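What follows is a set of notes on a single structure, which appears directly below.
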Amino acid sequence: MSWVGEAAINYSAIIDPIQTHPGAVLIGIAARSKQKAQAQIDKYKLAAAGTKAYGSYDELLNDPSIEAVYIPLPNGFHADWTKKALHAGKHVLVEKPFTNNADEARQVKEVAEKSGKVVLEAFHWRFHPAAHRVREIVQSGKYGAPTAIFAEMSIPGGALEKENIRYQYSLGGGASMDLTYVLSLSSYMASTDPSKAKATIVSATPRLHKTDPQVDEAMESHLVISPGDGKPDVHCHIKADLTLPPLFGFFPKLWKMKPFCSITLEHAQIDFVNFVLPTYGHSITITDKRTGEKTVETVYTDGPQWGKRGKRGEDVDES
């Protein structure tokens, strides 16, 4: 395993998690210069593990000892470097959003199918037991079919510097691109098989960035997802804001800091607090419309998809 780029997300996305997977070895880091790559190796004390510095992305991709790469580059580079990695025979874990647009996504899909390699969008939350538990409740039929979803994610104003890549159109910036978790959540919960679902945008209302009107600093959208599994359409309301204005121009809206979603079923409502980072605290509240009864859950281990697992990912012998 290696990665392309020196993004700040590298530690939490790869370096820390890989410590719990003995079958994965971090072979190298590539940057625009070997010095930048080496700086990351030194910062995280990776030299002892044999991690190498590469002075270009192509140099890393041409190393036959590397089986998979992680791509945390700015959004606008995801498609090109994912295709290059696939052509080089590597599996790819690419940061969200997968690509800049649907055409690029189709191109990556075609190259991946021809190469026989795996491309995975790095939505870590979709691998968390809490997300699996919520989806299990939604799909169980106990409370009927889902009819509506509300999802919201915000970053407080001032948290991002003015020159941040999230505000640059040429690099694939914007709230819809960077905070695409709200759309991912809606798709994941609305259908048993998102690949068969069809989404229709009803409205999209942006708040444009002051210095680059091509960038949506915030976006509020309404869409209808036809799940494709015989169940009724799901009406979705999603909000994403890279620069959430403070209350009265001064007070940070702290209650908006945890990503939130509410899933309306025919006979219940599920509120999932902090769905993006459930590892750092979350809550799942199920309110039965028929009885008014509320149930609150937290799920940090096991769950319907993983079952019983050991701390390092191995199956647990329960005999």
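The sequence shown stops at residue 1191 when you use this note's numbering, and every number in between is there. We put the beta carbon where it would ideally sit given N, CA and C, even for glycine. Since this is a predicted model, take the numbers as computed values, not measurements.
Between residue 1018 and the set 1087, 955 and 1139, the nearest pair of CA atoms involves 1139. Fewer than three beta-carbon pairs drawn from the region 1038-1049 and the region 1163-1173 are found closer than 8 Å, and the two stretches are therefore not classed as touching. Per the DSSP secondary-structure output, residue 1028 pairs in a beta bridge with 1116.
The criterion of a C-beta distance shorter than 8 Å is not satisfied by residue 913 and residue 899. Non-local C-beta neighbours of residue 953 in its own chain, meaning closer than 7 Å and more than five positions away in sequence, comprise 876, 929, 943 and 945, ordered along the chain. DSSP, reduced to helix, strand and coil, places residue 1055 within a helical segment of the structure shown.
In this structure, residue 1022 keeps its C-beta atom at 8 Å or more from the C-beta atom of residue 1155. In the same chain as residue 1027, and ignoring 5 residues on each side of it, the C-beta atoms closer than 8 Å to its own belong to 1051, 1113, 1114, 1115 and 1116, in chain order.
Within a 10 Å sphere around the beta-carbon of residue 924 sit 16 or more other beta-carbons, which makes this residue buried. The Cβ neighbour count for residue 1089, taken over all protein chains shown within 10 Å, is at least 16; the residue is labelled buried. In the three-state DSSP reduction, residue 1042 falls in the helix class (H, G or I). Taking a contact as a CB-CB distance under 8 Å, the pair residue 1137 and residue 1010 counts as one, their CB atoms being some 7 Å apart. Counting only the Cα atoms, residue 1160 lies some 8 Å from residue 1015. As a beta-bridge residue in DSSP terms, residue 1092 pairs with 1077 and 1111. In the DSSP annotation of this structure, the continuous segment of the beta strand (DSSP E) that includes residue 1157 starts and ends at 1155-1160.
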